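Position in the sequence shown counted from 1, then plus 80, gives you the working numbering.
In this text, a Cβ means the ideal position worked out from N, Cα and C, and glycines have one as well.
Fair warning: this is a prediction, and the values are worked out from it, not measured in the lab.
Notes for the one structure printed next.
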Amino acid sequence: MATRTQSSHFVIILSIFAALGGLLFGYDTGIISGALLFIKKDFALATNAEEFVVSSLLLAAAVSALITGVLTDLIGRRFLIIVSSFLFCVGALILGLADGYNWLIVGRLFVGFAVGMSSTAVPLYISESAPANHRGMLVTLNQLFITIGILLAYCVNLGFANVFEGWRWMFALAIIPGLIQCIGMIFLPDSPRFLLSKGREKEALAVLNKTRIRSHVEADLKRIKKNLRQQSGAWSELFQKKVVPALTITIILQAFQQITGINTVIYYAPEIFQQAGFKSTTAAILATMGVGAVNVIMTFVSLPLLDRWGRRPLLMTSVGGMAVSLFVIMSAFFLPQLEFAPYMAMVAVMGFVGFFAIGLGSIPWLLPSEILPTKIRGRAASLSVLMNWAANFLVASVFLSLIRTVGGGLTFAIFGFITLIALGFTYAAIPETKNKTLEDLKIGWFYKG
Ligand code: BGC
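Shown next, in the form of structure tokens:
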């Protein structure tokens, strides 16, 4: 039986190994902008080929999220995390050695499959292994690692920019965290809820003993079992009256995470800064590093707040702050005659990312693992993850043409209005899940309503 300190150490280690999936997700998100500058010269890529190098990953991630959803209910979250880390390594190797466009796409598809798989399985795995009072923080470790991965990628991009065929290293370095995760996860257990859903009670009890303080083990075991008895695990459960509202909320929230425009900044920050008036490339690149740093710092700040303040207040602050920042960016584009317009845009972009990081960055990943029923949680959560990648693909595909044709002012005005709608949605629909056990949420509070 674990003491309080031993159990919390174990859960933290388990969460960190799983969250390495987030690091790889972020790294592969951030690395492409730097690598692409060189690849397009080396392989003489046309614009549409260049775009496909970016978007092939997003498409593969969407498909893989769906497949993972089915598999994760059948063979478990942990096993799929191991498979995803293996795919990350294979993809990194192919990209690092690629000798032409086709191999680049093959590599990006492997990495896309890995990202889709890990972004579905990791939040489920952590949330089902964590005790209720720290669940928000532990699941958000994944988001923290995504932001660290993005920042790391920006640094690697800078570091290898002047190295011969440096782009190969940019891609290949992902093998290191991939291997660490693969090996680490082999030694970690499956989540107790998954084990119980497969009737493996002895193993589930052993994991609960390691991850909960003594006085909570029996109660948690009983609660999970009672809850599982009330679910059939059939596909039709997805369409039950009590599941549909929860599922709809998670899908819409994931869509809002993307269509409010975060990745316009993450993928295209230098372009935005240049359009806003920073003429030097160095200034634009430095401002981009600033964006990456703000993202990490504010995600870190949000970690303890999720379980203390609760999800709703954080999300309201986050989305509200993003809306204000977007309208400031819009104004900076509409008023280029102002001497300080570029600085105004820069501060507002940082504000936008900072506000995103404290709520809309993490909560859409957290909520599905909290409000969807255990036996079909994998399949149900994967629909929301699918929406995330599909919406990401949509925004990434239209943003550059939008800003180049209608200009920054109108583009950011559109994102601003979408964000206001997201604010209304958050106020009306998002439930508070702080400090409730996953079972309390399902049996009592949410489904009764
Ligand atoms: C989003 C990513 C985004 C990242 C930025 C994640 O929660 O899903 O699309 O690039 O946050 O920090």
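{"Query": "Just the C-alpha distance for Y527 and V323, rounded to the nearest angstrom, thanks.", "Result": "Its pLDDT being 43, under 50, Y527 is placed unreliably in this model, and the coordinates cannot settle the point."}
{"Query": "Could you give the DSSP three-state label for R459: helix, strand or coil?", "Result": "helix"}
{"Query": "Does DSSP put W389 in a helix, a strand or coil?", "Result": "coil"}
{"Query": "Taking 8 angstroms as the cut-off, is the beta-carbon of I352 closer than that to any non-hydrogen atom of the ligand BGC?", "Result": "no"}
{"Query": "Give me, in chain order, the residues of the same chain whose beta-carbon lies closer than 7 angstroms to that of Y234; leave out the 5 immediate sequence neighbours on both sides.", "Result": "G110, T368, M369, G372"}
{"Query": "Between which two residues does the alpha helix (DSSP H) carrying V429 extend?", "Result": "421–435"}
{"Query": "With respect to 8 angstroms, is the separation between the Cβ of F479 and the closest non-hydrogen atom of the ligand BGC below this value?", "Result": "no"}
{"Query": "I need the straight-line Cα distance from L440 to L139, nearest angstrom please.", "Result": "22 angstroms"}
{"Query": "Return the chain-ordered list of same chain residues with a C-beta closer than 6 angstroms to the C-beta of G458, the five sequence neighbours on each side being excluded.", "Result": "G149, T152, D153"}
{"Query": "Is it the case that the Cβ atoms of G401 and I438 are separated by a distance below 9 angstroms?", "Result": "yes"}
{"Query": "Compare the C-alpha of M378 against each of T227, S136, D108, V202 and name the closest.", "Result": "T227"}
{"Query": "Of the residues S199, L167, L204, V202, which one's Cα is nearest the Cα of V186?", "Result": "L167"}
{"Query": "Determine the extent of the alpha helix (DSSP H) in which V324 is found, giving its start and end residues.", "Result": "324–339"}
{"Query": "Around the C-beta of Q337, are 16 or more other C-beta atoms found within 10 angstroms, so that it is buried, or is it exposed?", "Result": "buried"}
{"Query": "Starting from L137, trace the alpha helix (DSSP H) in both directions and tell me its first and last residue.", "Result": "127–155"}
{"Query": "Taking the alpha helix (DSSP H) that N222 belongs to, which residues open and close that run?", "Result": "215–239"}
{"Query": "At a cut-off of 8 angstroms, would you count A437 as near the ligand BGC, judging by its Cβ distance to the nearest heavy atom?", "Result": "yes"}
{"Query": "Just how far apart, CA to CA, sit P203 and V465?", "Result": "11 angstroms"}
{"Query": "When you compare only the Cα positions, how much space is there between N307 and A363?", "Result": "55 angstroms"}
{"Query": "Hey, quick one: how far does the alpha helix (DSSP H) through K305 stretch, first residue to last?", "Result": "294–309"}
{"Query": "When you compare each of T506, N468, A461 to A142 by their alpha carbons, which one comes out closest?", "Result": "N468"}
{"Query": "Rounded to whole angstroms, what's the CA-CA distance from I443 to I342? Just pull it up for me.", "Result": "14 angstroms"}
{"Query": "So for S530, helix, strand or coil by DSSP?", "Result": "It is not possible to answer for residue 530, since the shown part of the chain is limited to 81 through 529."}
{"Query": "If the criterion is Cβ atoms closer than 9 angstroms, does the pair G434 and N375 meet it?", "Result": "yes"}
{"Query": "For L327, collect the residues of the same chain with a Cβ closer than 8 angstroms to its Cβ; drop the 5 residues on either side in sequence, then sort them by chain order.", "Result": "L318, L452, A460, L463, S464"}
{"Query": "Can you give me the C-alpha to C-alpha distance between A403 and Q417, rounded to a whole angstrom?", "Result": "23 angstroms"}
{"Query": "Using beta-carbon positions only, say whether G102 and Q223 come within less than 9 angstroms of one another.", "Result": "yes"}
{"Query": "Cβ of S442 versus every heavy atom of the ligand BGC: is any distance shorter than 8 angstroms?", "Result": "yes"}
{"Query": "DSSP three-state label for R248, please.", "Result": "helix"}
{"Query": "Taking 9 angstroms as the threshold (C-beta atoms), are L406 and T340 in contact?", "Result": "yes"}
{"Query": "Considering G196, what are the terminal residues of the alpha helix (DSSP H) in which it resides?", "Result": "181–209"}
{"Query": "Assign Q334 to buried or exposed, taking buried as 16 or more other Cβ atoms, counted over all protein chains shown, within 10 Å of its Cβ.", "Result": "buried"}
{"Query": "Using C-beta distances below 6 angstroms, list every residue in its chain close to I206, excluding the 5 sequence neighbours before and after it, in chain order.", "Result": "S95, A98, L218, V219"}
{"Query": "Say yes only if the C-beta of I304 is nearer than 8 angstroms to one or more non-hydrogen atoms of the ligand BGC, and no if none qualify.", "Result": "no"}
{"Query": "Any heavy atom of the ligand GDP closer than 8 angstroms to the beta-carbon of N375?", "Result": "This structure lacks the ligand GDP; its bound ligands are the ligand BGC."}
{"Query": "In whole angstroms, give me the CA-to-CA distance for R392 and L301.", "Result": "28 angstroms"}
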